[in-house]
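J.: Take a look at the following structure, please.
In our numbering, the protein residues as written are 13 to 173.
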């Protein structure tokens, strides 16, 4: 069983009004991606909140930790916007929760034809099934450990620190 916790962001095709943190357009659900891929594994999806990651606070991160602790599932996917994904990974990673937690997002809106969202989600789902308990970021075919990840704003890609 994989428990997927969603937080909004580009992966769900949500383009936010930067001043109000309100989505400007209708997004796509993670369930839609999974249905279109015809997946056969057991999963649950829980929405934690729906925010542009630039507005995610430590209170939001504490809510995520509470949800992670509350589930009996040991394998967790956390969808997250890329702006503060590394911050959330580090926040959760320092807690040593003894679960396999993979954060994933996309650089291109999930509703766009050329989105990286389905690939990244599929990659994260595969990764969470084989990684040891810890916190990771899965983006564009690469796994990063929470202690060793940064987003390069010039290339708009995640890299090892």
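Glycine included, every Cβ here is placed at the ideal spot set by N, Cα and C.
Take residue 84 as the anchor and find which of 97, 62, 113 has the nearest alpha-carbon.
T.: 113
J.: Exposed or buried, which one is residue 165 when buried takes at least 16 other CB atoms within 10 Å?
T.: Here residue 165 is exposed, its C-beta having fewer than 16 other C-beta atoms within 10 Å.
J.: Do you know offhand how far residue 88's Cα is from residue 45's?
T.: 17 Å
J.: Take every Cβ of the segment 98-112, pair it with every Cβ of the segment 148-165, and state whether three or more of those distances are shorter than 8 Å.
T.: yes
J.: With distances taken between CB atoms, is the gap from residue 73 to residue 95 smaller than 7 Å?
T.: no
J.: Are the beta-carbon atoms belonging to residue 118 and residue 22 less than 7 Å from one another?
T.: yes
J.: Along the chain, which unbroken stretches of the alpha helix (DSSP H) at least 4 residues long are found entirely within the segment 93-166?
T.: 97-105, 129-140
J.: What number of angstroms, rounded off, separates the C-alpha of residue 147 from the C-alpha of residue 61?
T.: 20 Å
J.: Where DSSP assigns a beta bridge to residue 90, which residues make up the other side?
T.: 17, 115
J.: For residue 53, which of helix, strand or coil comes out of DSSP?
T.: coil
J.: Name the two residues that bound the continuous alpha helix (DSSP H) containing residue 63.
T.: From DSSP, residue 63 is part of no alpha helix (DSSP H); its letter is neither H nor E.
J.: Between residue 169 and residue 54, what straight-line distance do the alpha-carbon atoms span, to the nearest angstrom?
T.: 31 Å
J.: Could you check the C-alpha separation between residue 51 and residue 133 for me, to the nearest Å?
T.: 12 Å
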